[in-house]
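Reviewing the structure listed below.
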């Protein structure tokens with residue numbers, strides 16, 4: 064009996080000192096990659112070296128981002144310096160390769176993965192991480208991270224921030240049983256199975272992955288969170304109220320992706336209800352999305368546009384002021400697979416700011432909020448939603464009590480500082496599991512392999 068000889072470098076158990084993190088956006092765009100970015104910042108503050116590798120988003124390559132998308136400017140300049148322990152590299156296709164996506168997408172996909180993996184491997188070898196992390200299991204980020212990890216023999220910790228296939232189906236208008244979505248779902252679940260470990264943001268997502276044969280013992284649940292100093296009741300947003308002439312109004316905030324799948328169509332019904340029953344109010348929309356133009360066309364047609372203010376897409380650093388300017392905050396997802404799989408960061412930001420939250424009762428919100436920390440209404444129930452908002456407009460004491468409870472919950476369970484500890488422990492488990500696998504392989508008899 065002979066042992067197979069491997070040269071295996073194993074760091075002391077319990078130590079993870081260098082991380083490579085694959086993302087779509089660096090810095091983050093809206094909620095995309097925000098969670099892994101915030102967690103990485105906190106572990107960097109504790110001395111861990113973090114190197115981000117940002118691929119161009121699949122949504123951009125297939126033409127689902129506007130041609131004038133301002134975020135593209137980030138690819139033409141050096142990545143911003145966030146912390147001394149954080150570095151970053153953008154992987155960008157030339158215009159010929161981008162054009163191929165609009166002509167022969169399957170060929171373009173293979174070419175993109177090959178090009179990005181080759182460049183990523185150079186970054187991984189140069190940086191020498193203890194662990195590779197993928198923000199999600201998208202066909203580009205997830206696949207490039209997986210190939211880079213396997214080819215350089217590193218453990219891979221795969222993030223599950225949402226149900227990517229359901230999100231893509233909602234974005235493209237395809238059914239979940241269409242050929243494209245079936246293939247995408249197979250890729251998504253395979254990536255999770257092939258990862259060393261997985262971290263999901265909700266218990267719902269852990270159950271979903273388990274249903275598709277991902278080992279539950281390899282899945283950590285690390286919820287989304289908030290910087291409770293940045294988003295705080297002490298930030299009153301007076302300048303925002305003054306700028307948009309909202310000083311004497313009860314302000315109802317909806318922020319983030321302003322799309323149909325995020326419930327934007329309900330804003331029309333809410334504006335109509337508020338105009339009749341609480342006219343000294345205003346719905347403040349902050350973000351971006353394709354549903355804004357048709358919404359305002361309808362509002363102007365029916366003379367309701369005065370009830371809604373659109374502030375556009377704002378830098379994340381400005382969002383505490385906009386959140387602080389509100390009295391009531393909305394998260395109004397419809398009853399769809401992508402809604403139940405989502406865990407919107409804005410909910411945690413609303414909580415940190417101590418706002419009275421009205422949210423639809425979908426899986427991602429009920430895991431966080433209850434009747435003491437928010438007002439939960441059935442998804443799609445327009446009357447319940449509008450009634451809850453009007454009731455809060457009329458009752459400032461109720462708003463204050465719900466908001467204070469939400470703030471306490473954010474401080475106790477969902478601060479990024481606390482979650483960074485959970486995340487670091489999970490990273491150590493992922494790295495330790497890979498070390499164990501390598502040691503077992505190195506000691507395996509030749510006739511058993």
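Numbering (my numbering), first residue to last: 64 to 512. Ideal Cβ positions, reconstructed from N, Cα and C, are used throughout, including at glycine.
Cα-Cα separation between residue 402 and residue 438, rounded to whole angstroms: What you label residue 402 is simply residue 339 of the chain shown in a count that begins at 1. What you label residue 438 is simply residue 375 of the chain shown in a count that begins at 1. Near 17 Å, if we compare the C-alpha coordinates of residue 438 and residue 402.
Please classify residue 423 as buried or exposed, where buried requires at least 16 neighbouring CB atoms within 10 angstroms. Locating residue 423 in the chain shown gives position 360, counting from the first residue. Result: buried.
Can you find at least 3 beta carbon pairs, one from the stretch 288–304 and one from the stretch 469–480, that sit closer than 8 Å? Yes, since at least three Cβ pairs between the stretch 288–304 and the stretch 469–480 fall closer than 8 Å, the two stretches touch.
At least three beta-carbon pairs within less than 8 Å, the stretch 452–471 to the stretch 80–93: Fewer than three beta-carbon pairs drawn from the stretch 452–471 and the stretch 80–93 are found closer than 8 Å, and the two stretches are therefore not classed as touching.
Apart from the five residues on each side of it in sequence, which residues of its chain come closer than 6 Å, Cβ to Cβ, to residue 500? Residue mapping note: residue 500 aligns to position 437 of the chain shown, counting from 1. Low confidence applies to residue 500: its pLDDT is 47, below 50, so where it sits in the model is not reliable, and the reading given next is rough at best. Once the five neighbours on either side are set aside, residue 500 has no close Cβ partner at all.
If you measure between the beta carbons of residue 207 and residue 379, is that distance less than 9 Å? The sequence position of residue 207 within the chain shown is 144, counting from 1. The sequence position of residue 379 within the chain shown is 316, counting from 1. Against a cut-off of 9 Å, the Cβ pair of residue 379 and residue 207 comes out as no contact.
Between which two residues does the beta strand (DSSP E) containing residue 82 stretch? Within the chain shown, residue 82 is the residue found at index 19, counting from 1. Per DSSP, the unbroken beta strand (DSSP E) holding residue 82 starts and ends at 81–86.
Assuming the contact rule is C-beta atoms closer than 8 Å, residue 219 and residue 212 should be a hit. Round their C-beta distance to whole Å, please. What you label residue 219 is simply residue 156 of the chain shown in a count that begins at 1. What you label residue 212 is simply residue 149 of the chain shown in a count that begins at 1. Cβ-Cβ separation between residue 219 and residue 212: approximately 4 Å, consistent with a contact (criterion under 8 Å).
Which residues bound the alpha helix (DSSP H) around residue 282? Numbered from its first residue, the chain shown carries residue 282 at position 219. Element bounds for residue 282: not the alpha helix (DSSP H) but the beta strand (DSSP E), 282–284.
Would you check if the stretch 441–450 and the stretch 326–339 touch, i.e. whether three or more CB-CB distances between them fall below 8 Å? Yes, the stretch 326–339 touches the stretch 441–450.
Can you tell me the Cβ-Cβ gap for residue 102 and residue 419, rounded? I've got them flagged as a contact below 8 Å. Residue numbering aside, residue 102 sits at position 39 when the chain shown is read from its first letter. Residue numbering aside, residue 419 sits at position 356 when the chain shown is read from its first letter. Between residue 419 and residue 102 the Cβ distance is about 28 Å, and since that is not below 8 Å, they are no contact.
Please confirm if the stretch 313–325 is in contact with the stretch 337–348, defined as three or more CB-CB distances below 8 Å between the two stretches. Short answer: they touch.
For residue 112, three-class secondary structure by DSSP: For the purposes of this step, residue 112 is identified with residue 49 of the chain shown, where counting begins at 1. Look at residue 112 here: in three-state DSSP terms it is strand.
Can you give the beta carbon distance from residue 83 to residue 196, rounded, assuming they're within the 8 Å contact cut? As a working mapping, residue 83 is identified with position 20 in the chain shown. As a working mapping, residue 196 is identified with position 133 in the chain shown. The pair is a contact, with the Cβ atoms about 7 Å apart (cut-off 8 Å).
Apply the 10 Å Cβ neighbour rule to residue 276 and answer buried if 16 or more other Cβ atoms are within range, or exposed otherwise. As a working mapping, residue 276 is identified with position 213 in the chain shown. Taking every protein chain shown into account, the CB of residue 276 has fewer than 16 other CB atoms within 10 angstroms, so this residue is exposed.
Contact check, residue 386 vs residue 416, beta carbons under 9 Å: In the chain shown, residue 386 corresponds to position 323, counting from 1. In the chain shown, residue 416 corresponds to position 353, counting from 1. Note that the C-beta distance between residue 386 and residue 416 is below 9 Å.
Close beta carbons around residue 215, own chain, < 7 Å, minus the five adjacent residues each side: For the purposes of this step, residue 215 is taken as the residue at position 152 of the chain shown. Hits under 7 Å: 184, 187, 188.
List the residues that DSSP assigns as beta-bridge partners of residue 420. As a position in the chain shown, residue 420 is number 357, starting the count at 1. For residue 420, which the question treats as bridged, DSSP gives the partners 392.
Reduced DSSP secondary structure (H/G/I, E/B, other) of residue 227: The residue given as residue 227 occupies position 164 in the chain shown. Of the three classes helix, strand and coil, the one that applies to residue 227 here is helix, per DSSP.
Just verifying my parser: in three-state terms, what is the DSSP assignment at residue 103? Residue numbering aside, residue 103 sits at position 40 when the chain shown is read from its first letter. It is helical.
I need the boundaries of the alpha helix (DSSP H) containing residue 468, first residue and last residue. Residue numbering aside, residue 468 sits at position 405 when the chain shown is read from its first letter. Counting along the chain, the alpha helix (DSSP H) containing residue 468 begins and ends at 459–476.
Endpoints, the alpha helix (DSSP H) within which residue 302 is located: The count along the chain shown starts at 1 and reaches residue 302 at position 239. 301–306 is the extent of the alpha helix (DSSP H) around residue 302.
From residue 222 to residue 366, what distance separates their C-alpha atoms? For the purposes of this step, residue 222 is taken as residue 159 along the chain shown, with counting starting at 1. For the purposes of this step, residue 366 is taken as residue 303 along the chain shown, with counting starting at 1. So the alpha carbons of these two residues sit roughly 45 Å apart.
Residue closest to residue 127, alpha-carbon to alpha-carbon, out of 394, 273, 161, 104: What you label residue 127 is simply residue 64 of the chain shown in a count that begins at 1. Checked all of 394, 273, 161, 104; the closest Cα to residue 127 is 161.
Consult DSSP for residue 432 and reduce its assignment to one of helix, strand or coil. Walking along the chain shown from the start, residue 432 turns up at place 369. Coil, per DSSP.
Based on the DSSP output, what are the partners of residue 221 in its beta bridges? As a first step, residue 221 must be located in the chain shown, where it is residue number 158. Residue pairing from DSSP places residue 221 in a beta bridge opposite 197, 261.
Could you tell me whether the Cβ atoms of residue 190 and residue 112 are closer together than 9 Å? Residue 190 sits at position 127 when you count from the first residue of the chain shown. Residue 112 sits at position 49 when you count from the first residue of the chain shown. With respect to residue 112, residue 190 sits close: the two C-beta atoms are nearer than 9 Å.
Buried or exposed: which applies to residue 369, given that a residue is buried once 16 or more other Cβ atoms fall within 10 Å of its Cβ? Against the chain shown, residue 369 aligns to sequence position 306. Exposed, by the Cβ-count rule.
Residue 506 to residue 494 span [Cα, whole Å]: Position 443 of the chain shown, counted from the first residue, corresponds to residue 506. Position 431 of the chain shown, counted from the first residue, corresponds to residue 494. Annotation note: pLDDT 47 at residue 506 (below 50); position unreliable, coordinate value reported separately. When rounded, the distance between both Cα atoms is 19 Å.
9 Å Cβ cutoff met for residue 358 and residue 328: Residue numbering aside, residue 358 sits at position 295 when the chain shown is read from its first letter. Residue numbering aside, residue 328 sits at position 265 when the chain shown is read from its first letter. Against a cut-off of 9 Å, the Cβ pair of residue 328 and residue 358 comes out as a contact.
In angstroms with no decimal places, state the Cα-to-Cα distance between residue 81 and residue 428. Locating residue 81 in the chain shown gives position 18, where the first residue counts as 1. Locating residue 428 in the chain shown gives position 365, where the first residue counts as 1. Here the alpha carbons of residue 428 and residue 81 stand approximately 33 Å from one another.
Which value, in whole angstroms, describes the spacing of the CA atoms of residue 432 and residue 453? As a working mapping, residue 432 is identified with position 369 in the chain shown. As a working mapping, residue 453 is identified with position 390 in the chain shown. When rounded, the separation of the alpha-carbon atoms in residue 432 and residue 453 is 20 Å.
Per-residue burial, residue 119 [other beta carbons within 10 Å of its own, 16 or more giving buried]: Stepping through the chain shown from its first residue, residue 119 is reached at position 56. Residue 119 comes out buried.
Which residue wins for smallest C-alpha separation from residue 350, given the options 320, 236, 158, 165? By one-based count along the chain shown, residue 350 stands at place 287. The candidate whose alpha carbon is nearest that of residue 350 is 320.
DSSP three-state label for residue 405, please. Walking along the chain shown from the start, residue 405 turns up at place 342. Residue 405: coil per DSSP, three-state reduction.
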